[in-house]
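A.B. asks:
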Amino acid sequence: MSDVSLTIDGVEVTVPEGTTIWEAAARYGIEIPVLCHDPRLEPVGVCRICAVDVGERTLPAACVRHVEAGMNVITANTEITAHRRILTELMLSDQPEQSRREATTGDDSLYALARELKVSDFPWPDAKSSSNPPRGQDDSSPVIAVDHQACILCDRCVRACDDIQHNDVITRTGKGHSVRIGFDLDVPMAESSCVSCGECVAVCPTGALTHQFLGETS
Amino acid sequence: MENKAEHRLLNALEHIQQTQGAVSDEALKALAAEWGQPLYRLEGLRSFYPVFRETPGAPNRLQICRDGPCRLKGEAAVKALKDALGDRDDIEIEMVSCLGLCDCAPAAALNDSPGPLPDHADIDAWDIKDRHSISEHLPTDPYPDTAAHYSTAAQWLKRPAEEIIAEIDAAGLQGLGGAAFPTARKWQFTRAAQGEPRTVICNADESEPGTFKDRHLLEHAPHLVIEGILIGAAVIGARQGIIYLRHEYQRARAAITKALNKARADGVLGSDAIGPGHDFDIELFISPGGYILGEETALLEALEDRRGEPRHKPPFPTTAGLHGGPTLINNVETLAAVSTILARGASWWREQGIGEHAGLKYVSVSGDVKNPQVLCLPWGTTVAEAIEHCGGMADNRDLLAFSPGGASTPFLPASAAQTPMTFDDLRQAGSGLGTGALFVVGTGRNLAEVLLGQARFFRNESCGKCVPCRVGSNKGVELADAALNHQPNAIDAELAELHQTLMRTSICGLGQVALLPLVDGLKRFPDEPSLQPLRGQTPEAD
Ligand SMILES: Cc1cc2nc3c(=O)[nH]c(=O)nc-3n(C[C@H](O)[C@H](O)[C@H](O)COP(=O)(O)O)c2cc1C
Ligand code: SF4
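Protein chains in written order, with this note's numbering: chain A, 153 to 370; chain B, 393 to 934.
1) Tell me the DSSP secondary structure of ASP552 of chain B in three-state form.
2) To the nearest angstrom, report how far apart ARG940 of chain B and ALA821 of chain B are at their CA atoms.
3) Quick one: what's got a C-beta closer than 8 Å to ALA397 of chain B's C-beta in the same chain, skipping five residues either side?
4) Kindly list the residues whose CB is nearer than 7 Å to the CB of GLY681 of chain B, restricted to its own chain and excluding five residues on each side of it in sequence; keep chain order.
5) Measure from the alpha carbon of ALA182 of chain A to the alpha carbon of each residue in A:ASP259, A:GLY350, A:ALA214 and A:ASP246, then state which is nearest.
6) State the CB to CB distance for the pair MET813 of chain B and VAL775 of chain B, rounded to an integer number of angstroms; the pair is presumed to be in contact (CB under 8 Å).
7) Applying a beta-carbon distance threshold of less than 8 Å, which residues of chain A neighbour THR897 of chain B?
8) Output yes if chain A places a C-beta closer than 7 Å to the C-beta of ILE708 of chain B; else output no.
9) Quick check on PRO918 of chain B: buried or exposed, where buried means 16 or more other Cβ atoms within 10 Å of its Cβ?
10) Any beta carbon of chain B sitting closer than 7 Å to that of HIS329 of chain A?
11) Taking Cβ positions, are ALA809 of chain B and LEU910 of chain B nearer each other than 7 Å?
12) Can you name, in chain order, every residue of its own chain whose Cβ lies under 6 Å from the Cβ of THR323 of chain A, other than the five neighbours on each side?
13) Does the beta-carbon distance from GLN301 of chain A to PRO340 of chain A come in below 7 Å?
14) Find the residues of chain A that neighbour HIS704 of chain B, judging by a C-beta separation of less than 8 Å, and give them in chain order.
15) Output needed for LEU401 of chain B: all residues of its chain with C-beta closer than 6 Å, excluding positions within five of it in sequence on either side, in chain order.
16) If we cut at 7 Å on Cβ distances, does VAL321 of chain A have a partner in chain B?
17) Quick one: does the C-beta of ASP459 of chain B sit closer than 6 Å to a heavy atom of ligand 1?
18) Using a threshold of 6 Å, is the CB atom of LEU830 of chain B nearer than that to any non-hydrogen atom of ligand 2?
19) Using a Cβ-Cβ cut-off of 7 Å (strictly less than) and excluding sequence neighbours within five positions of GLY928 of chain B, which residues of its own chain qualify?
20) If the cut-off is 8 Å on Cβ atoms, which residues from the stretch 844 to 863 of chain B count as contacting chain A, listed in chain order?
21) Go ahead and pull the three-state DSSP assignment for ILE296 of chain A.
22) With hydrogens ignored, establish whether the beta-carbon of CYS215 of chain A is closer than 6 Å to any heavy atom of ligand 2.
23) For MET223 of chain A, which option in A:GLU231, A:HIS235, A:ALA176 and A:ASP259 has the closest C-alpha, if you only look at C-alpha atoms?
24) Taking LEU890 of chain B as the query, report the chain A residues whose CB atoms sit under 7 Å from its CB, ordered along the chain.
25) Measuring only from the beta carbon, is PRO706 of chain B closer than 6 Å to any heavy atom that is part of ligand 2?
26) Please report whether the beta-carbon of PHE672 of chain B lies at a distance below 7 Å from any beta-carbon of chain A.
27) Taking the straight line between their C-alpha atoms, what separation do you get for HIS612 of chain B and SER348 of chain A?
28) Compute the Euclidean distance between the alpha carbons of THR762 of chain B and ASP790 of chain B, then round it to the nearest angstrom.
29) Please compile the residues from chain B whose C-beta is within a distance smaller than 8 Å of the C-beta of LEU361 of chain A.
30) Determine the burial state of TYR180 of chain A: buried for a count of at least 16 other Cβ atoms within 10 Å of its Cβ, exposed for fewer.
31) Determine the chain B residues that contact THR325 of chain A at a beta-carbon separation under 7 Å, and present them in chain order.
32) Using 10 angstroms around the beta-carbon of THR719 of chain B, count the other beta-carbons present and answer buried if the total reaches 16, otherwise exposed.
33) Would you decide whether VAL163 of chain A is buried or exposed? Buried here means 16 or more other CB atoms lie within 10 Å of its CB.
34) Is any heavy atom in ligand 1 found nearer than 6 Å to the beta carbon of ILE557 of chain B?
35) Residues bridged to SER756 of chain B by DSSP?
36) Nearest CA to the CA of GLY624 of chain B: which residue from B:TRP741, B:HIS878, B:TRP771 and B:PHE672?
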């Protein structure tokens with residue numbers, strides 16, 4: 153494979169053909185924020201937080217877009233930051249009052265991003281005032297707690313369950329604004345073919361998939 | 393013959409739905425075992441496509457369109473019918489997205505038979521009037537009778553592919569599915585792309601509110617579309633063609649099936665279709681539903697048995713489409729126009745337009761005109777002339793506003809009615825020709841509700857893949873709905889900002905335009921009373 157040279161934030165970089173913009177930037181110490189991307193998984197480019205400007209009509213996701221020779225990539229400017237803030241606000245507006253991940257291990261990536269972007273007020277109708285029904289919890293598993301309300305549909309658990317563990321349990325179910333994650337034929341987690349390996353908990357960036365607190369289940 | 397592609401999971405699911413009235417858990421478990429597929433994958437498909445139902449429901453199902461022209465004209469009739477049928481448990485009423493029957497708004501489908509909304513008194517004896525049971529001869533159909541069908545392909549296939557491309561280029565044909573991409577260039581790119589398999593796909597998923605011209609073409613001239621596919625196949629070297637048809641177009645489905653069977657019987661399709669020894673056939677694939685499947689890469693995902701969620705581009709289908717091979721995807725009207733252009737010649741085509749404009753355009757006209765219909769107009773015809781061709785405005789209304797190109801194209805005021813219906817003129821006027829779907833709104837209508845209705849359609853049809861569209865379109869609709877129908881709230885700046893994010897960061901065209909008509913309307917109609925609640929003002933009582 154041949155090498156490709158391009159510019160990222162004014163820095164000349166040279167990487168092998170087929171590298172994504174996100175990987176190329178990381179190699180040169182330029183950090184592009186992400187939520188749905190995990191370097192161990194095939195990228196899906198759905199949260200759009202890593203949107204960058206390559207001079208096109210729309211802003212591609214750096215995690216999926218391959219580098220091209222002569223490309224001029226801008227990873228942050230006023231416009232991009234404004235979009236990142238709005239996207240973060242959109243995801244936060246439906247979150248539960250408190251993140252289970254933030255409350256326990258304190259590493260909720262969505263909240264961390266909100267702090268970094270200084271997102272404070274959400275002008276959008278939140279989960280409480282919404283006409284959409286609450287998305288619910290699934291406490292059936294003694295090991296893993298599922299809070300659909302905290303899920304941002306990043307697809308990390310779906311990919312980890314399939315591609316890292318080959319357990320093939322999780323899907324996106326439904327369509328549009330009512331999409332959720334589901335297990336097998338959308339049954340409660342405890343009734344599914346889940347083997348409680350915990351990989352989904354490990355990759356989840358929010359409080360959607362966390363370990364059950366000891367003695368919590370009924 | 394129609395469902396020869398039993399190798400597809402989606403065909404198997406469709407078969408289960410057809411024969412069992414639902415796709416139950418038991419059926420999916422059996423299918424999973426038979427196909428060696430994980431359960432989650434089948435759940436992902438069943439829950440994504442609206443045709444598949446988990447439980448059978450009532451014996452009769454009445455689907456009523458909730459979008460654009462139907463909502464504009466039918467709210468009272470729908471309410472009356474719902475009230476009258478309220479206590480019947482043998483009929484289930486379902487409000488659905490545009491059925492592509494905007495010419496008979498308010499439109500409905502009873503047990504999949506489409507037609508105008510029935511009066512509650514007639515529902516038991518609902519006999520859907522066959523509006524056009526006799527096939528019309530279309531103005532762009534070059535053939536006097538069926539015996540002459542496919543003679544254009546027969547002649548042109550003897551000539552080098554470059555000449556075909558050059559003729560299409562000379563005619564100035566641009567894609568008529570909404571994006572206006574030059575057709576000759578698309579054919580050139582796909583021809584030049586390396587790899588297998590090579591496929592031609594006719595996009596007949598037409599589902600954008602106000603758009604029904606493809607239905608008209610498919611019902612009355614399926615042979616022109618088939619011929620266009622055949623010529624495209626010869627140019628790009630494809631061995632397979634697919635017509636991707638929306639589920640609701642039952643009459644078009646019958647017309648296409650009949651035409652395909654005849655073409656096979658006559659040897660037009662089959663072993664020597666695109667030259668001696670070069671076989672070619674066309675599969676009719678019926679979409680399991682949803683507007684997003686019209687987006688070309690979502691369509692490809694469906695054909696590959698996945699949830700119809702758009703892919704990231706690049707790569708484009710021209711180089712890496714169906715199963716990774718070069719794929720030519722064109723709209724119904726584009727392919728039919730190729731047949732007409734090659735039959736009559738590019739110079740004939742150019743002469744049909746007005747002034748410097750070339751060709752003939754099928755325009756769907758809906759809303760407050762006397763006779764909503766599909767018109768075949770010379771390119772360059774103005775909006776006002778199109779309205780006149782439909783008998784003028786209905787119910788003694790005056791023109792208030794119009795959207796010239798489908799749900800994604802901004803509304804323009806009556807003062808813009810002299811704009812020619814071309815890509816360039818309408819873009820300069822601040823809107824677009826899109827799919828050539830003129831939605832006319834008369835005075836006395838609530839423009840704000842119409843604009844919000846377009847945003848609702850996109851919100852309802854979002855595939856849910858990316859955050860800006862999935863969450864943003866919903867928040868935008870909720871915010872505007874609350875301001876319009878509950879408490880006035882100055883949200884015009886917030887909506888404009890949200891739209892910028894959707895436009896710039898959404899993966900596909902759906903999210904990119906979801907809030908455009910609403911946000912544009914707020915700017916373009918500063919004095920429109922119905923929009924005042926979105927600026928925080930209480931509308932004056934009249
Ligand atoms: C959300 C969405 C829906 C679409 N629906 C259709 C459709 O129903 N029919 C169609 O021909 N093109 C549709 N398109 C455009 C197609 O992606 C594609 O551009 C078109 O089929 C190309 O054909 P053309 O070059 O002949 O216009 C849609 C695009 C988007 C973004
Ligand atoms: S913009 Fe909307 S429809 Fe398109 S991929 Fe994103 S969520 Fe799906």
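Where a beta carbon is used, it is the ideal one built from N, C-alpha and C, also for glycine.
C.D. replies: Taking the definition as stated:
1) According to the sequence shown, residue 552 of chain B is Pro rather than Asp. Here PRO552 of chain B sits in coil by DSSP.
2) No answer is possible for residue 940 of chain B: the residues shown for chain B start at 393 and end at 934.
3) Note that ALA397 of chain B scores a pLDDT of 48, beneath 50, so its modelled location is shaky; the value from the coordinates is reported in the next line. For ALA397 of chain B, where only same-chain residues beyond five positions count, the Cβ hits under 8 Å are ASN403, GLU675 and PHE677.
4) TYR441, PRO442, VAL443 and HIS639
5) According to the sequence provided, residue 182 of chain A is Ile. The question's Ala does not apply to it. Of the candidates A:ASP259, A:GLY350, A:ALA214 and A:ASP246, the one whose C-alpha sits nearest the C-alpha of ILE182 of chain A is A:ALA214.
6) 6 Å
7) ARG200, ALA203, THR210, LEU211, HIS235 and LEU239
8) It is Phe, not Ile, that sits at residue 708 of chain B in the sequence shown. PHE708 of chain B does not count as touching chain A.
9) exposed
10) yes
11) no
12) GLY334
13) no
14) GLY197, PRO212, ALA213, VAL216 and ARG217
15) ASP697
16) yes
17) no
18) no
19) PRO880, ASN881 and ALA882
20) ARG851, ASN852, GLU853, SER854, CYS855, GLY856, LYS857, CYS858, VAL859, PRO860, ARG862 and VAL863
21) strand
22) no
23) A:ALA176
24) ILE238
25) no
26) no
27) 57 Å
28) Looking at the sequence shown, residue 762 of chain B is not Thr but Lys. Approximately 12 Å, taken between the alpha carbons.
29) The contacting residues do not exist; LEU361 of chain A stays about 15 Å from chain B at best.
30) exposed
31) GLU435, GLY436 and SER439
32) buried
33) exposed
34) no
35) B:VAL766 and B:ALA829
36) B:PHE672
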